[in-house]
Amino acid sequence: MSVLFKYIVQITLACLVTFGVHIMILTFMDKPLFDNQIITAYVGNVALAIFIVIGLLKVPETLQNSRGFLFLFGSFLKFGFFFLAFYSNFKVDGAIQRTEFFAFFIPYAAALIMETKCLIDRLSK
Amino acid sequence: MSTKKNIYFCTKFRIVNRQVIMQFTRALFFLAVLVLIQPVFLTASGHAEHASDSTESTQVANQEPAQEGMSMKQEIKAHIQHHLQDGHDFHLYTDTETNTHVGFPLLVILLDDGIQVFSSSRFHHGESVAESNGNFYALHHGKVYKTDAAGTFEMHDGHVHNEKPLDFSITKNVFSIMAFALILILLFTGAARSYKKSLVPSGSARFLEPLIIFVRDEIAIPNIGEKHYKRFMSYLLTVFFFIWLVNLFGLTPLGINVTNSISVTFALAVMTFVITQFSGKKEYWKHIFWMPGVPVPMKILLAPIELLGVFIKPFALLIRLYANITAGHIVLMSLIGLMFIFHSWIGSTLSFGLSVFISFIELLVAALQAYIFTMLTALYFGSAVAEHEDH
Amino acid sequence: MEKLIEQFSVGLFFWQTILFLVLVFILKKYAWKPILDSVSEREDTIRESLESAEKAKKDLTELQSKNESLIIEAKIERDALLKEAREIKDKIVSDAKGEAKEEADKIVQAAHAAIEAQKAGAIAEMKSEMASLSISIAEKIIRKELSSDEQQKSLANELVADLKLN
Chain L
80 MSVLFKYIVQ ITLACLVTFG VHIMILTFMD KPLFDNQIIT AYVGNVALAI FIVIGLLKVP
140 ETLQNSRGFL FLFGSFLKFG FFFLAFYSNF KVDGAIQRTE FFAFFIPYAA ALIMETKCLI
200 DRLSK
Chain U
33 MSTKKNIYFC TKFRIVNRQV IMQFTRALFF LAVLVLIQPV FLTASGHAEH ASDSTESTQV
93 ANQEPAQEGM SMKQEIKAHI QHHLQDGHDF HLYTDTETNT HVGFPLLVIL LDDGIQVFSS
153 SRFHHGESVA ESNGNFYALH HGKVYKTDAA GTFEMHDGHV HNEKPLDFSI TKNVFSIMAF
213 ALILILLFTG AARSYKKSLV PSGSARFLEP LIIFVRDEIA IPNIGEKHYK RFMSYLLTVF
273 FFIWLVNLFG LTPLGINVTN SISVTFALAV MTFVITQFSG KKEYWKHIFW MPGVPVPMKI
333 LLAPIELLGV FIKPFALLIR LYANITAGHI VLMSLIGLMF IFHSWIGSTL SFGLSVFISF
393 IELLVAALQA YIFTMLTALY FGSAVAEHED H
Chain G
645 MEKLIEQFSV GLFFWQTILF LVLVFILKKY AWKPILDSVS EREDTIRESL ESAEKAKKDL
705 TELQSKNESL IIEAKIERDA LLKEAREIKD KIVSDAKGEA KEEADKIVQA AHAAIEAQKA
765 GAIAEMKSEM ASLSISIAEK IIRKELSSDE QQKSLANELV ADLKLN
């Protein structure tokens, strides 16, 4: 439980820091701060990352070897999340703008890196 | 390594007894005859289809510009394109004189406004608009589009902008795949039955057994290892024989070209991918995400590359099979087309001879591609289950 | 690439996946498993029979060498027995010879002793006989001769001379 808790805290903290930096950069660039569902993107990515990490830790003994597969599956899940919740909204004006792209991609990348770290941690055990 | 294996593959036939060789030569002869008659066949259907295309354009409104004005080269190109395409009916050839199509219609299944199921005969080979539950559909370049009752296509710079319903039809390729599956099932269950009588193979099993043992001893065991290979045998054998059979039939003048359809090779590659990832052991994932034995910055650099490699490998697999078979068909059909471009008897004879030669090479390629696909699949499975790799 | 994506048909992909999975499943159950099982069974049988043939061959050679060694052993034993018998015979003979010699010696010795004893006895007897004979002679002479002293004296001298001679 404590390991899982540690991971959750790590992921949340990392994403919070990223969010802070992200907002700061947006401020410097004089872009609207909380546009493009940026909050949803962060919350959703963190939630999915935690969900995947829980999955990685709680897999039954027989599926221990398939954790990598679970990880990949989780990535596909995230793509599904992106297409369901963001793609249509981003595409409303016909193209995906840079800020729109980063609004999803940065939290996605941050969560992915943290997840990968957890996976490596688990695999090295 | 692969050439060595191929030589072995060829020589393996020499080991099996004479009767088997006889059987094999008989099968080869049959195929050779089919290949030889292909140019003749295609000549007939080529002319026929050209004619049918022109009738099509007059009947369906807003079709492409009439094709009467096409040059011979364009005509050949169009014919090749048509030959390589999937279709909604099983079309063998068209008689120009009477304008009758030889073949049979297949089932059209569309996911649009519920499920629309009707026979492809309603399209009249793309000549008319099909109506189903108040919706109208028409064919354009072998694809189903939603249209109005008159069959109008909204054309913008050569592309049709009509709505495309999700097409789950039993197309020519789907039908062929079903037929091949049936052939494989009959062939191999028949072979399996012969083992019930005695452990010594008889009948078709005599010819098939060396091939099965080849897949096991030359593909599966060296790449996956003695310990794990058994789990993957069913998949490897099925892939090998499926691709081989499909490739061989692609060489016949029936016009069945399943492996040169990207969807089929994609499906095969996806299955290989999923099986590889799912059977991936701890070691395999560790090699992807945190490569052992290299410094930490290298590990971080390698992780995305390796992860990308996971996807690139099956992608290479699907493109390789698709491209090889399609290229073979295009070369073959271009050579056949050359016969009509050369008006002199020397050029025509030359390209006839060349097309026969290429046909024989394609026979080899058919087996080779099946071998390569199976071999690489086994290699990926092997890397997934490897317990400790040597570096 | 664009053309490839355009060519991609979801329907065909769907059917290929479904049909292929069904094909794998059916072939696995009704073809690959029985075929591979019988092939490996046959291979096992061949290997086992080859192994057992090899083993039989090995056993045979082992048996042969065992027989040979048995024969050699038997020969050695026979030789040893013969040698022993010969030794025993020699010993018996030599023993018997020794005993016989001893016995003979003993007999000879005993004979010697007996002869000696008899000789001694005979001598003694002779001596006593002679003594008594002499005495009787002497008595007779004495009775006849001893009528005169002279005669007595000459007789005594004569006797003494005789005695010395004896």
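Line by line, the protein sequences are chains L, U and G.
Each residue of the first sequence is one higher than the last, beginning at 80 in the numbering used here.
Each residue of the second sequence is one higher than the last, beginning at 33 in the numbering used here.
Each residue of the third sequence is one higher than the last, beginning at 645 in the numbering used here.
The C-beta atom is built at its ideal place from N, Cα and C for all residues, glycine as well.
Taking a contact to mean a Cβ-Cβ separation below 9 Å, would you say residue i touches residue j in this structure?
| i | j | result |
| --- | --- | --- |
| L202/L | K314/U | yes |
| A182/L | D109/L | no |
| S152/U | D121/U | yes |
| M371/U | S391/U | no |
| L139/U | I202/U | yes |
| A162/U | N279/U | no |
| A164/L | T119/L | yes |
| T304/U | V271/U | yes |
| K672/G | S266/U | yes |
| A348/U | L408/U | yes |
| L124/U | L283/U | no |
| L667/G | I217/U | yes |
| H115/U | N289/U | yes |
| F310/U | F148/L | yes |
| Y227/U | I679/G | yes |
| A224/U | G235/U | no |
| T406/U | P346/U | no |
| G135/U | N165/U | no |
| I215/U | L277/U | yes |
| L83/L | V132/L | yes |
| C197/L | L135/L | yes |
| I108/U | G325/U | no |
Kindly list, in the order they appear in chain L, the residues whose Cβ is closer than 8 Å to that of residue i.
| i | result |
| --- | --- |
| I320/U | G147 |
| F220/U | Within chain L, no residue comes near F220/U; the closest Cβ sits about 30 Å away, beyond 8 Å. |
Exposed or buried, which one is residue i when buried takes at least 16 other CB atoms within 10 Å?
| i | result |
| --- | --- |
| D723/G | exposed |
| Q660/G | buried |
| K808/G | exposed |
| K157/L | buried |
| S86/U | Low local confidence applies: a pLDDT of 38 at S86/U is under 50, so the model's placement there is unreliable, with the coordinate-based value given in what follows. Exposed: under 16 other Cβ atoms inside 10 Å. |
| A174/L | exposed |
| I47/U | Its pLDDT being 43, under 50, I47/U is placed unreliably by the model, and nothing is read from it. |
| N168/L | exposed |
| Q113/U | exposed |
| E646/G | exposed |
| G99/L | exposed |
| E88/U | Residue confidence is low: E88/U scores 37 on pLDDT, short of 50, so the model does not pin down where it sits. Its coordinate-derived value is still stated next. Buried, since its Cβ has 16 or more Cβ neighbours within 10 Å. |
| A80/U | Note that A80/U scores 41 on pLDDT, short of 50, meaning its location in the model is unreliable and no value can be drawn from it. |
| H82/U | Annotation note: pLDDT 41 at H82/U (below 50); position unreliable, no value reported. |
| S415/U | buried |
| H157/U | buried |
| V417/U | buried |
| I736/G | exposed |
| G312/U | buried |
| H756/G | exposed |
| Y166/L | exposed |
| K605/G | As displayed, chain G neither begins before 645 nor continues past 810, which places residue 605/G out of reach and without an answer. |
| M365/U | buried |
Could you check how far apart the C-beta atoms of residue i and residue j are, in whole angstroms? I think they sit under 8 Å.
| i | j | result |
| --- | --- | --- |
| S295/U | F657/G | 4 Å |
| V192/U | L142/U | No, V192/U and L142/U are not in contact; Cβ-Cβ is about 16 Å, not under 8 Å. |
| L350/U | T297/U | 4 Å |
| I275/U | L353/U | 7 Å |
| E241/U | P233/U | 5 Å |
| A675/G | T221/U | 5 Å |
Under 8 Å Cβ-Cβ, which residues of chain U neighbour residue i?
| i | result |
| --- | --- |
| S696/G | The contacting residues do not exist; S696/G stays about 17 Å from chain U at best. |
| R686/G | L231, V232 |
Which chain U residues sit within Cβ distance under 7 Å of residue i?
| i | result |
| --- | --- |
| A646/G | Residue identity check: residue 646/G is Glu in the sequence provided, not Ala. Near E646/G there are no residues of chain U at all, since even the closest Cβ is about 11 Å away, more than 7 Å. |
| S682/G | Y227, L231 |
| S693/G | Chain U residues near S693/G: none, gap ~12 Å exceeds 7 Å. |
| L136/L | Within chain U, no residue comes near L136/L; the closest Cβ sits about 15 Å away, beyond 7 Å. |
Show which residues of chain U have a CB atom less than 9 Å away from the CB atom of residue i.
| i | result |
| --- | --- |
| L198/L | W317, F321, W322 |
So with CB distances below 9 Å, who are the chain L contacts of residue i?
| i | result |
| --- | --- |
| Q401/U | Near Q401/U there are no residues of chain L at all, since even the closest Cβ is about 28 Å away, more than 9 Å. |
| G325/U | Per Cβ cutoff of 9 Å: no residues; G325/U is ~13 Å from chain L at best. |
| A335/U | T195, I199 |
So which residues on chain G does residue i lean against when the C-beta distance must stay under 8 Å?
| i | result |
| --- | --- |
| Y267/U | V668 |
| S366/U | Within chain G, no residue comes near S366/U; the closest Cβ sits about 18 Å away, beyond 8 Å. |
Using a cut-off of 7 Å between C-beta atoms, extract the partners of residue i located in chain G.
| i | result |
| --- | --- |
| N205/U | L656 |
- Task: Report yes or no: do three or more beta-carbon pairs, one from the region 248-257 of chain U and one from the region 380-387 of chain U, lie closer than 8 Å?
- Result: no
- At least three beta-carbon pairs within less than 8 Å, the region 187-197 of chain L to the region 88-99 of chain L: yes
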